[in-house]
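**Student:** Heads up, the sequence shown is in the numbering used here, so the first residue is 597 and it goes up one at a time.
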Amino acid sequence: MDRFSVDIGMVNTASYAWREEANVLAGGATTMGAVSATGVGDGVEDAVSTFLTTWAKYASDQSTLADSMADRLDEAAKAYTVSDYAAQDAFAQWLEGEK
């Protein structure tokens with residue numbers, strides 16, 4: 597049987613990376629949402645405005661998903677940590693009972 601283990605450090609690193617990605621995407625969404633299409637020329641202003649609005653929404657949605665992924669990884673790390681502490685405590689109590 598193969599061994600299964602979880603490297604909490606890697607889970608935390610992945611969570612941090614997802615959170616950073618969420619921040620970058622949120623910043624991009626804010627920037628794109630603030631850009632004006634005014635002055636780009638007749639006939640393209642509506643297209644530019646639509647493009648910016650669409651991509652701002654997409655970036656915002658992706659930021660939300662990235663934040664959610666980071667949250668799930670944080671929850672997993674916490675669950676594994678709590679489980680490890682409980683197992684260590686139970687083992688320590690068992691050892692004390694064996695003395």
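Positions of the beta carbon are idealized from the N, C-alpha and C atoms, including for glycine.
Output yes or no for whether 8 Å exceeds the beta carbon distance between residue 607 and residue 672.
**Tutor:** Contact flag set, yes.
**Student:** With residue 623 as the anchor, note down where its alpha helix (DSSP H) starts and where it stops.
**Tutor:** Residue 623 -> alpha helix (DSSP H) spans 604–630.
**Student:** So residue 686 packs on residue 617, CB below 8 Å; how close in whole Å?
**Tutor:** Actually they do not touch by this definition, with Cβ atoms about 38 Å apart.
**Student:** With a Cβ-Cβ cutoff of 8 Å, do residue 601 and residue 670 count as a contact?
**Tutor:** Going by C-beta atoms, residue 601 is not nearer than 8 Å to residue 670.
**Student:** Please report the distance separating the alpha-carbon of residue 633 from that of residue 664.
**Tutor:** Taking the straight line from one Cα to the other gives about 32 Å.
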